[in-house]
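To keep things clear, I will list the structure first and then write my remarks on it.
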Amino acid sequence: MNAHVLAGAGTPAGHATGDGGVAQARWLARICSIIEHFCGLVLAVDVGVVFVSVILRYFLHSPVDWAEEAARGLMVTLVFLGGATVLARRQHVGIDVFRGLLPRSWREPALQLGGWAVAGTSAALCYSSWELLQDSVNVTTPIGTPQWLSVLPVFVGALFMTVVGIANALCGPRRAVYGTLAGAVALCVAVWAWNAHMPEAWAIRPWLLLTLAFVFSLVAGVPIAFVLALSSLVYFLAEPSLPLIIYSQQVMAGMDHFVLLAIPFFVLAGLVMESNGMSTRLIELLVRMFGRVRGSMNLISILATAFFSGVSGSKLADIAAVGGIVVPAVRRTKQDVNETAAVLASSAVMAETIPPCVNLIIMGFVANISIGGLFLAGLVPAAVLATGLSAMAIWFGKKVDPMLAFPVRMPWPQLLGGAFIALVMVGMIGKGVTSGVATSTEVSAFAVVYALVAGALAFRELTPRAIVALFVRAASMAGGILFIIAAASSVAFALTVQQLPTFLSDTMTHLAHDYGSTAFILVSAALMVVFGAILEGAPALIIFGPLLTPIAQQVGVNPLHFGTVVVIAMGLGLFAPPFGLGLFATCAMTGTRVEEVSRPMVKYLILLAIMLIVLIFVPAISLWVPRMMNMA
Numbered sequence: 045m046n047a048h049v050l051a052g053a054g055t056p057a058g059h060a061t062g063d064g065g066v067a068q069a070r071w072l073a074r075i076c077s078i079i080e081h082f083c084g085l086v087l088a089v090d091v092g093v094v095f096v097s098v099i100l101r102y103f104l105h106s107p108v109d110w111a112e113e114a115a116r117g118l119m120v121t122l123v124f125l126g127g128a129t130v131l132a133r134r135q136h137v138g139i140d141v142f143r144g145l146l147p148r149s150w151r152e153p154a155l156q157l158g159g160w161a162v163a164g165t166s167a168a169l170c171y172s173s174w175e176l177l178q179d180s181v182n183v184t185t186p187i188g189t190p191q192w193l194s195v196l197p198v199f200v201g202a203l204f205m206t207v208v209g210i211a212n213a214l215c216g217p218r219r220a221v222y223g224t225l226a227g228a229v230a231l232c233v234a235v236w237a238w239n240a241h242m243p244e245a246w247a248i249r250p251w252l253l254l255t256l257a258f259v260f261s262l263v264a265g266v267p268i269a270f271v272l273a274l275s276s277l278v279y280f281l282a283e284p285s286l287p288l289i290i291y292s293q294q295v296m297a298g299m300d301h302f303v304l305l306a307i308p309f310f311v312l313a314g315l316v317m318e319s320n321g322m323s324t325r326l327i328e329l330l331v332r333m334f335g336r337v338r339g340s341m342n343l344i345s346i347l348a349t350a351f352f353s354g355v356s357g358s359k360l361a362d363i364a365a366v367g368g369i370v371v372p373a374v375r376r377t378k379q380d381v382n383e384t385a386a387v388l389a390s391s392a393v394m395a396e397t398i399p400p401c402v403n404l405i406i407m408g409f410v411a412n413i414s415i416g417g418l419f420l421a422g423l424v425p426a427a428v429l430a431t432g433l434s435a436m437a438i439w440f441g442k443k444v445d446p447m448l449a450f451p452v453r454m455p456w457p458q459l460l461g462g463a464f465i466a467l468v469m470v471g472m473i474g475k476g477v478t479s480g481v482a483t484s485t486e487v488s489a490f491a492v493v494y495a496l497v498a499g500a501l502a503f504r505e506l507t508p509r510a511i512v513a514l515f516v517r518a519a520s521m522a523g524g525i526l527f528i529i530a531a532a533s534s535v536a537f538a539l540t541v542q543q544l545p546t547f548l549s550d551t552m553t554h555l556a557h558d559y560g561s562t563a564f565i566l567v568s569a570a571l572m573v574v575f576g577a578i579l580e581g582a583p584a585l586i587i588f589g590p591l592l593t594p595i596a597q598q599v600g601v602n603p604l605h606f607g608t609v610v611v612i613a614m615g616l617g618l619f620a621p622p623f624g625l626g627l628f629a630t631c632a633m634t635g636t637r638v639e640e641v642s643r644p645m646v647k648y649l650i651l652l653a654i655m656l657i658v659l660i661f662v663p664a665i666s667l668w669v670p671r672m673m674n675m676a
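Counting from 45, one number per residue, gives the positions in the sequence shown under my numbering.
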């Protein structure tokens, strides 16, 4: 890894470092590589634990009590150590658009302040987790293991984040580095002194400090995970009734749940499919079948995204798998790459409700909705959206020569064999989750093992080194996703203490009673579009999902219908210009520019918005399949 890659979020780009800085970056790179491989090993062990426990429970009728707790403990290790390596690799997602709106002379200090914000938040999490570690020394878990073993990865991960954050913040020009540090310290002291010496009526309220920290860190370009972590940290520091030890408790508790293990497992399964050749075979098969249809390349992007969403669970993994194969073929056929990127981003919105989408799992988890029921409820809406997008892609598309897409053609038996193996995997996932035979986490572990074994036996394209790299990459991706969830849970706790759920519940309940349940869903969908763009998908669902879903049930809205609508609305915001992080990721993966993709994407976004409104007014679209399966 190059030394400059370790310049994490908040590090001014383009600043040279001296020989000492290069040596320091090399040491951090080595430590990062060791931790990444350790996280890959943790993920492999976690898959093994869940897979073996399923075999023992369902086939040998000899369940083990320790498997779930061990799997959750391993996930805690994966999240906090993996989150630290993601910071070191500059891979935490963030929004730079807001900083670009600042005057040019303010951008450098804002970037530097963002670096100090990351370092300070990491240091506070490190201190809080150290207190939690000491407090858990004499505590044991239900199966008798020491509690401190679960807390230790939090402390170690936060410590490494602190080291990386400080190293990144020190990379800029000396004047900017120490000037912004002095300014940040002075601001913190000023706020503390004001609240300590002013009458209570004049004190700055904790909720206002949380809001200001959120806004300013977002504008400074701080990664979303640290925007959330900093906002809740400020609240914990300003609220005298909350000791700081609860901060790390809430961050840790946000992802210490067995169901969330489905996220890294499905991401890993999708990456294995991409690497063992299933993706290439399936897309080439689609090109051979539909290549001469008008708008074929964009139509194939929609179909392939829908298929891979049923395996990987991650929208970014879907786009990477499909875009990495389709975009070169598009260029070879001399089609508009910007149009294809727009179709890919729009297809990701469509695929938000195709199981086993990560956001469906998160929504089901935080809102206490049946994940299997959500998987069923999302099928028909996804089919409706896919049909609309396909019709538009054909209408605006052009005919191409499919011979140019893949100059070297694979024999038909290999194409059909690869597609059949992939379809068996999708069928296994769908049947396992919707039948209730196994949980989504258990099914995802089976999907990983199946993808590895099938890939090894049928395609023989995965070497031991490639498998290790897959586990390392999946661990990093999962660590980044789950660390956002952990940070968002601390914000959700702060909002609960602030009684925002009660306020929101009263407001939205009055809205529903005065204007009807449909108006409530429309407003909820609008909220998710806005916050899906600003917060990134998972935090928006974690914060608003558990707040809005009980209200929906009170006013007679089926939770499966409501969950489907808000997930699609969140996806619409996530991939909509100008702020949607998903759109930025799509452009990065396809080698296009946001402003050039936004123009052709407008027509697809309008179509998706119209179809979302149709879904809101016709709940039967979401509830048809769950009712057939007696799950609604």
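Glycine included, every Cβ here is placed at the ideal spot set by N, Cα and C. Note that this is a predicted model, so its numbers are computed, not measured.
Residue i vs residue j beta-carbon contact at 8 Å
i: Met469; j: Ala495; result: yes
i: Gly607; j: Ala411; result: yes
i: Leu433; j: Met394; result: yes
i: Gly441; j: Asn342; result: yes
i: Phe82; j: Pro197; result: no
i: Ala389; j: Gly635; result: no
i: Val120; j: Ser172; result: no
i: Ala202; j: Ser149; result: no
i: Ala522; j: Pro308; result: yes
i: Ala69; j: Leu254; result: no
i: Pro186; j: Glu112; result: no
i: Thr485; j: Leu312; result: no
i: Pro545; j: Ile473; result: no
i: Arg143; j: Arg134; result: no
i: Ala582; j: Ile406; result: yes
Nearest-angstrom beta carbon gap, residue j and residue i [assumed within contact, 8 Å]
i: Gly164; j: Gly265; result: In fact, because the Cβ distance is near 16 Å, the residues do not count as touching under 8 Å.
i: Phe103; j: Phe490; result: Going by Cβ atoms, the distance from Phe103 to Phe490 rounds to 12 Å, so no, they are not a contact pair.
i: Leu652; j: Leu616; result: 6 Å
i: Asn239; j: Ala247; result: 5 Å
i: Leu231; j: Trp160; result: The Cβ separation is near 11 Å, so there is no contact.
Residue burial classification, residue i (beta-carbon count within 10 angstroms, cutoff 16)
i: Met242; result: exposed
i: Glu318; result: buried
i: Val646; result: exposed
i: Ala60; result: Summary for Ala60: the model assigns pLDDT 40, below 50, so the residue's position carries little reliability; its value from the coordinates is reported in the next sentence. Ala60 comes out exposed.
i: Asp445; result: exposed
i: Tyr222; result: exposed
i: Thr475; result: According to the sequence shown, residue 475 is Lys rather than Thr. Burial call: exposed.
i: Gln294; result: buried
i: Ile654; result: exposed
i: Ile346; result: buried
i: Pro425; result: buried
i: Thr408; result: Reading off the sequence, residue 408 comes out as Gly, not Thr. Classification for Gly408: buried.
i: Gly62; result: Bear in mind that a pLDDT of 48 at Gly62, under 50, signals an unreliable position, so the number given afterwards is only what the model happens to contain. By the neighbour-count rule (16 or more Cβ atoms within 10 Å), Gly62 is not buried but exposed.
i: Ser488; result: buried
i: Thr397; result: buried
i: Ile79; result: buried
i: Val609; result: buried
i: Val233; result: exposed
i: Ser106; result: exposed
i: Glu505; result: exposed
i: Asn182; result: exposed
Contact set for residue i: own chain, Cβ-Cβ below 7 Å, skip 5 residues either direction
i: Pro670; result: Gly417, Leu420, Ala421, Leu604, Ala676
i: Ala386; result: Val641, Pro644, Met645, Tyr648
i: Phe258; result: Val271, Ser275
i: Arg336; result: Lys443, Pro446
i: Ile665; result: Val424, Pro425, Val428, Leu659
Beta-carbon contacts of residue i that lie in its chain and below 6 Å, excluding the five residues immediately before and after
i: Leu326; result: Ala463, Ala466
i: Cys76; result: Thr129, Ala132
i: Leu548; result: Leu591
i: Ile657; result: none
i: Trp251; result: Gln542
i: Tyr279; result: Pro250, Leu254, Ala538
Own chain residues within Cβ distance below 8 Å of residue i, not counting five before or after
i: Thr593; result: Ala411, Asn412, Ile413, Pro603, Phe606, Gly607
i: Ala632; result: none
i: Leu146; result: Ala154, Val263
- Message: Using 8 Å as the cut-off, can you tell me whether the region 503-523 makes contact with the region 542-558, which would need three or more C-beta pairs spanning the two stretches below that distance?
- Response: no
- Item | Cβ contact (3+ pairs, closer than 8 Å) linking the region 522-532 and the region 295-305 | yes
- Taking three-plus beta-carbon pairs below 8 Å as touching, is the region 564-572 in contact with the region 653-666? yes
- Query: Per the contact definition of three or more C-beta pairs closer than 8 Å, is the region 334-341 in contact with the region 364-384?
  - Reply: yes
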